[in-house]
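*Asks:*
There are 2 protein chains.
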Amino acid sequence: MLDERKRRVLQAVIDDYIASAEPVGSRALARKHDLGVSPATIRNEMADLEMLGYLEHIHTSSGRVPSAKGYRFYVDGLIPPKPVSDEEKVLIDRWYQARVKRIDEVFQETARLISKMTRNVSLVLAPQVSQAAFRCLQFLPLDDHRVITVLMTDAGFVENKILEMPDGAEFEDFQRMARVINRVLAGKTIRSISESSLQMIEDEIQDSGLYASALEVIQRALDASKKERLYLGGTTMMLEQPEFHDVEKVKNLLLVLEEEELVKDILHAHTGRGLEVTIGRENENSSIQDCSIITATYHLDGELLGTLAVLGPTRMEYSKAMSLLEYMNTNISEVIRKYHWKV
Amino acid sequence: MLDERKRRVLQAVIDDYIASAEPVGSRALARKHDLGVSPATIRNEMADLEMLGYLEHIHTSSGRVPSAKGYRFYVDGLIPPKPVSDEEKVLIDRWYQARVKRIDEVFQETARLISKMTRNVSLVLAPQVSQAAFRCLQFLPLDDHRVITVLMTDAGFVENKILEMPDGAEFEDFQRMARVINRVLAGKTIRSISESSLQMIEDEIQDSGLYASALEVIQRALDASKKERLYLGGTTMMLEQPEFHDVEKVKNLLLVLEEEELVKDILHAHTGRGLEVTIGRENENSSIQDCSIITATYHLDGELLGTLAVLGPTRMEYSKAMSLLEYMNTNISEVIRKYHWKV
DNA sequence: TGTTAGCACTCAATGTAACCGAGTGCTAAT
DNA sequence: ATTAGCACTCGGTTACATTGAGTGCTAACA
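From first to last, the protein sequence lines stand for chains A and B.
Remember, the working numbering sits 2 above the position in the first sequence when you count from 1.
Remember, the working numbering sits 2 above the position in the second sequence when you count from 1.
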C-alpha cells in the first residue's frame with residue numbers, strides 16, 4: 003500500500019493531468035499544490051510511483067502521466083468529492099419538473115443534460131418496454147391488406163408496427179383478436195407474457211379460424227417492444243477534448259457509437275448496483291481502450307431497469323461525472339416511479 | 003459565354019479538383035485529360051477563366067481552384083451525367099422492397115442510404131403529419147390524472163402525447179369526447195381541420211360540460227402532429243472528406259446540424275420543383291458557406307411533401323449526388339403513394 | 001493570329017540544424 | 001531522509017536552405 007505522501011503526490015499528478023491534459027513535472031507540481039516538500043523529493047516519489055506502475059513516462063524528461071493502474075487507484079480511493087453544484091441542481095431540477103413529457107423525451111433530455119455538464123459523450127439505456135405492464139393492444143385498419151398494431155404500456159410507452167394481413171383475413175377478425183388479447187393480457191408485465199398466456203389466447207381464438215396467424219401477430223408486436231432504446235448525447239462535445247483533436251480518433255469513436263448493438267453490449271457488461279468505472283484497457287472492446295466509461299444502473303423494486311453512462315477519454319473528470327451520474331440516477335428513478343412503472 | 007475550349011478546360015479543372023481536393027495545374031491537366039493542346043495553352047485559358055471569375059488562385063504558382071461562380075457554371079451546364087449504377091440501384095431497390103416498415107424507418111433509412119452512397123451528410127425532411135388524413139384519435143387512461151392521446155393517420159404515422167386531465171374531469175368524459183372528435187374529423191386532412199371543424203366539436207361537447215378543456219386538448223394533440231421530422235445521415239462519413247480534417251470545421255458543422263430548427267429553415271429555403279443546388283456563399287447561413295447543398299423536393303398530386311438533401315463541401319461530387327437524389331426521390335414518392343398518403 | 005517552347009520567378013512543402021526549456025536522474029551536501 | 005545542484009534528454013520551435021509544382025511572359029513557330 004502506498005504511504006500517505008505517495009498518495010498525495012499521485013492524487014496531485016492525476017488532478018493536474020485531468021485539468022491540463024499535459025504531462026506533469028515535479029517543479030510545476032511543487033508550485034501548484036503545496037505538498038511541503040521540494041521538487042526533488044517529488045521527483046523521487048514520482049520515480050517510485052512509476053516503479054510501482056501508477057505513473058508512466060513517455061521518455062526521459064517529459065512529465066509523468068497516470069497509467070491505467072494509477073487511474074484505478076485514484077478512482078478507488080483518492081478521488082476528491084466534487085458534488086453537483088447547487089446551480090447545476092437547480093438547472094436539472096427545473097428541467098425535470100418543467101412539464102409532463104413523453105417518457106422517451108425524459109431519456110433523451112437526460113442524455114443531453116449529462117453530456118452538457120460533463121462535456122463528454124453520454125449514453126442512456128432506457129428500460130425495455132417489456133418491463134412495463136401491458137395496457138392494451140389495438141389494431142387499426144391502414145388499408146385493404148395492412149393493419150397498424152398499437153401497443154400501449156403503463157409507463158406511457160406507445161409502440162406501433164405495421165402488419166400485413168394474412169390472405170383471407172378480415173379486419174373484423176383482428177378486432178375480435180384484440181378483444182381476446184386484451185382480456186387475457188390485462189395487467190401483465192409484457193416480459194411475463196409467457197407461453198401459457200399465449201396458449202390461452204390461442205385456445206380462445208382457435209374456433210375463429212385465425213389461429214395460424216394470431217400468435218405470430220402478437221409475437222411480432224411483442225418482439226418490437228423488447229428492444230431497449232439507446233439515447234446518445236454530446237457527440238459534439240467530445241470534440242472539445244484535446245485527445246480528440248485528431249480526426250482519426252473522432253472517426254473511430256463515432257463509428258463505434260453508431261453501432262447501437264455494440265454500444266448496448268458495452269453497457270450491458272456493467273450490471274452492478276452502484277457506479278462502475280472502467281478505465282482504458284479494462285474495456286473489452288478494443289476501439290475504446292483509450293477511453294473510460296462510468297456507468298450507473300437504475301432500479302425499481304430491486305429490478306434492473308436501465309443504465310446511465312458517461313464515455314470520455316481516460317483523462318476525464320471522474321469525480322464530477324460520478325457525482326453527476328449519481329444525481330441523475332436518483333432523478334430518473336424518481337421520474338420512473340412517478341410514471342407508475344411496473345415490473 | 004465561354005467558348006468550347008474554355009468550357010472543356012473549366013470542366014476538366016473542376017472534375018480534377020473534385021476528385022483530388024488539390025489545386026490543379028496546367029501540366030497535370032494536359033497529361034490526364036487529353037485536350038489536344040499544350041500546357042502553355044491551358045495556362046492561357048486558365049488565366050482567362052480566372053479573369054472571368056470562374057477559377058481562383060491562392061497565390062501565384064499554386065494550381066487553380068474553382069470559384070463559386072465556376073461551380074455554378076459547372077453545375078448549370080458542364081456537369082457530366084453520372085447515373086446511379088445498376089449495382090447501386092439493385093442495392094437501393096432491394097432495401098425498399100425488403101419488407102413493410104413503419105414510415106419513419108423509411109425516411110431514416112433513406113437518409114442512411116444517401117449518405118452512404120455520397121459519403122456526405124444527408125438530410126431528409128419528412129412530410130408533416132398534418133398533411134396526412136386523420137384516421138382516429140384515441141384516449142387511453144395512464145393513471146388518475148393523465149391520459150395518453152394517440153393520433154393515427156392514413157400514412158401509418160402514430161403520434162402520441164401525454165395529457166394531464168383537468169381537475170374534475172373523468173376518463174369517461176374523454177371517451178365521449180373521442181367519439182365526437184372521430185365522427186367530426188373522419189377522413190379530413192389534419193391540416194384542413196379548421197376552426198369550423200373545431201367549432202362543431204365544441205358545440206357537440208358543450209352540453210357535457212367539458213367545453214373548457216376540450217378544444218385545448220385537441221389543439222395540443224394536433225399541434226404535436228404539425229412538427230416536420232428531420233432525419234440526418236452520415237455525420238460520420240463527412241470526416242472522410244479532406245476539408246473536414248480540421249476538427250474546428252467539423253465542430254462548427256456538427257453544431258449547425260444539431261440545431262434542428264436551423265436546418266429545417268435551410269431546407270425550407272428550397273421549395274422549387276426540381277433539384278436545387280446552392281453553392282458556398284450562395285447559402286444564407288454563414289456557417290455553411292464553405293459547403294454546398296443539393297435539395298430535391300418530393301411531391302404528391304402537385305403538393306410539396308418534403309425534401310431530400312445532400313450537404314457537403316463545395317468540392318463535392320455534384321453529378322453523383324444529383325442523380326442519386328433524383329433516384330431516391332422517385333423511390334420515396336413511390337413509397338408514399340403506396341402508403342396512401344392523402345393531401 | 002493562335003499555339004507552343006523556354007525560362008525566370010514564386011511559393012508551399014519538406015528537410016536540417018540549432019536552440020530552448022521543461023523535465024529527469026544522480027550525487028553530494030545538509 | 002531531504003534537498004540543492006548539475007549534467008543530460010528530448011520534444012518543440014525557429015531559421016534557413018532546398019525542392020518541385022506551378023505560373024506568367026516572351027519569343028519563336030505554324
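Cβ coordinates follow ideal geometry from the N, Cα and C atoms, glycine included.
Source: prediction; values computed, not measured.
Cβ of Lys8 of chain B less than 9 angstroms from any chain A Cβ?
*Replies:* No, Lys8 of chain B does not count as interfacial toward chain A.
*Asks:* For His2 of chain A, return the contacting residues in chain B, with the cut-off set at a CB-CB distance below 7 angstroms.
*Replies:* Only positions 3 to 345 of chain A appear in this structure, which leaves residue 2 of chain A out of reach.
*Asks:* With respect to the alpha helix (DSSP H) encompassing Arg185 of chain A, which residues constitute its N-terminal and C-terminal limits?
*Replies:* Taken as a continuous stretch (DSSP letters only), the alpha helix (DSSP H) holding Arg185 of chain A covers 173-187.
*Asks:* Please list the segments of the beta strand (DSSP E) lying wholly inside the segment 109-143 of chain B, counting only runs of 3 or more residues, in order along the chain.
*Replies:* Listed in chain order, they are 123-127.
*Asks:* Tell me which residues of the segment 145-158 of chain A have at least one Cβ-Cβ distance to chain B shorter than 7 angstroms, keeping chain order.
*Replies:* So the close ones are Asp145, Arg148, Ile150, Val152, Met154, Gly158.
*Asks:* For Lys163 of chain B, does the count of other Cβ atoms within 10 angstroms reach 16, so buried, or fall short, so exposed?
*Replies:* By the 10 Å Cβ count, Lys163 of chain B comes out buried.
*Asks:* Which class does Ala311 of chain A belong to by DSSP, given the choice of helix, strand or coil?
*Replies:* Reduced to three states, the DSSP call for Ala311 of chain A is strand.
*Asks:* Between which two residues does the alpha helix (DSSP H) harbouring Gly235 of chain A extend?
*Replies:* First-last for Gly235 of chain A: 232-235, but that is the beta strand (DSSP E), not the alpha helix (DSSP H).
*Asks:* Measuring only between beta-carbons, confirm whether Val252 of chain A sits less than 9 angstroms from chain B.
*Replies:* It does; some Cβ of chain B falls within 9 angstroms.
*Asks:* Would you kindly work out how many angstroms separate the C-alpha atoms of Arg45 of chain A and Pro129 of chain A, rounded to a whole number?
*Replies:* Near 50 angstroms, if we compare the C-alpha coordinates of Pro129 of chain A and Arg45 of chain A.
*Asks:* With a threshold of 8 angstroms on Cβ separation, who are the neighbours of Val252 of chain B within its own chain once the five nearest residues in sequence on each side are excluded?
*Replies:* Contacts found: Met240, Leu241, Phe246.
*Asks:* Pick out whichever of B:Ala135, B:Ser124, B:Arg148 has its Cα sitting closest to the Cα of Met318 of chain B.
*Replies:* Residue B:Ser124 is the option with its Cα nearest to Met318 of chain B.
*Asks:* Does chain A have any CB closer than 9 angstroms to the CB of Thr237 of chain B?
*Replies:* Yes, contact with chain A.
*Asks:* I want to know whether the segment 133-143 of chain B touches the segment 253-262 of chain B - three or more CB-CB distances under 8 angstroms.
*Replies:* Segments in contact, no.
*Asks:* Of the choices A:Ser321, A:Thr332, A:Pro315, A:Glu286, whose alpha-carbon is the least far from that of Gly308 of chain A?
*Replies:* For the residues A:Ser321, A:Thr332, A:Pro315, A:Glu286, the minimum Cα distance to Gly308 of chain A belongs to A:Thr332.
*Asks:* In three-state DSSP terms, what is Ala298 of chain A?
*Replies:* Correct three-state label for Ala298 of chain A: strand.
*Asks:* Do Val77 of chain A and Met48 of chain A have their beta-carbon atoms positioned less than 9 angstroms apart in this structure?
*Replies:* No, the Cβ-Cβ distance between Met48 of chain A and Val77 of chain A is not below 9 angstroms.
*Asks:* For Arg66 of chain B, count neighbouring Cβ atoms within 10 angstroms of its own Cβ and tell me buried if that reaches 16, exposed if not.
*Replies:* The residue in question, Arg66 of chain B, is buried, as its Cβ has 16 or more Cβ neighbours within 10 Å.
*Asks:* Can you confirm whether the segment 103-120 of chain A touches the segment 312-329 of chain A when touching is taken to mean that 3 or more C-beta pairs between the two stretches lie within less than 8 angstroms?
*Replies:* Contact holds: three or more Cβ-Cβ distances are below 8 angstroms.
*Asks:* Could you work out which residues of chain A lie near Leu257 of chain B, taking near to mean beta carbons separated by less than 8 angstroms?
*Replies:* Near Leu257 of chain B (Cβ distances below 8 angstroms), the residues of chain A are Thr238.
*Asks:* Given a limit of 7 angstroms on CB to CB distance, which residues of the segment 112-137 of chain B reach chain A?
*Replies:* Residues Arg137.
*Asks:* If you measure beta-carbon to beta-carbon, which residues of the segment 316-338 of chain B are closer than 7 angstroms to chain A?
*Replies:* Listed by position along the chain: nothing, the set is empty.
*Asks:* Can you list, in chain order, the stretches of the alpha helix (DSSP H) that have 4 or more residues and sit fully within the segment 22-78 of chain A?
*Replies:* Entirely contained in the segment 22-78 of chain A, the alpha helix (DSSP H) runs reaching 4 residues are, in chain order, 28-34, 41-53, 70-75.
*Asks:* Tell me the DSSP secondary structure of Arg148 of chain B in three-state form.
*Replies:* Strand, per DSSP.
*Asks:* Arg86 of chain B by DSSP, collapsed to three states: which one?
*Replies:* The amino acid at residue 86 of chain B is misidentified as Arg; the sequence shows Val. Coil, per DSSP.
*Asks:* Is the beta carbon of Val131 of chain B closer than 9 angstroms to that of Glu161 of chain B?
*Replies:* The answer is yes: Cβ separation under 9 angstroms.
*Asks:* Is there a Cβ from chain B that is less than 9 angstroms from the Cβ of Leu142 of chain A?
*Replies:* With 9 angstroms as the cut-off, Leu142 of chain A counts as an interface residue toward chain B.
*Asks:* Using three-state DSSP, classify Met324 of chain A as helix, strand or coil.
*Replies:* The answer is helix: DSSP assigns Met324 of chain A an H, G or I state.
*Asks:* Can you give the Cα-Cα distance for Lys228 of chain A and Cys138 of chain A, rounded to whole angstroms?
*Replies:* Cα to Cα, the separation comes out at about 16 angstroms.
*Asks:* Check the Cβ of Val160 of chain A against every Cβ in chain B and list those closer than 8 angstroms, keeping chain order.
*Replies:* Ile150, Val152, Val160, Asn162, listed in chain order.
*Asks:* CA-CA distance, Ile296 of chain B and Ile281 of chain B?
*Replies:* Going from the Cα of Ile296 of chain B to the Cα of Ile281 of chain B covers about 9 angstroms.
*Asks:* Measure the C-alpha to C-alpha separation of Phe75 of chain B and Thr151 of chain B and round it to an integer number of angstroms.
*Replies:* Whole-angstrom Cα-Cα distance: 52 angstroms.
*Asks:* Hey, does Leu241 of chain B have any beta-carbon neighbour from chain A nearer than 9 angstroms?
*Replies:* It does: the Cβ of Leu241 of chain B has a partner Cβ on chain A nearer than 9 angstroms.
*Asks:* Suppose contacts are defined by Cβ-Cβ distances below 9 angstroms. Is Leu264 of chain B in contact with Thr237 of chain B by that definition?
*Replies:* No.
*Asks:* Quick one, which residues of the segment 271-292 of chain A are near chain B if we go by CB-CB under 8 angstroms, in chain order?
*Replies:* Cβ contacts with chain B: none found.
*Asks:* Residues of the segment 34-61 of chain A in Cβ contact with chain B at a cutoff of 7 angstroms, in chain order, please.
*Replies:* The residues in question: there are none.
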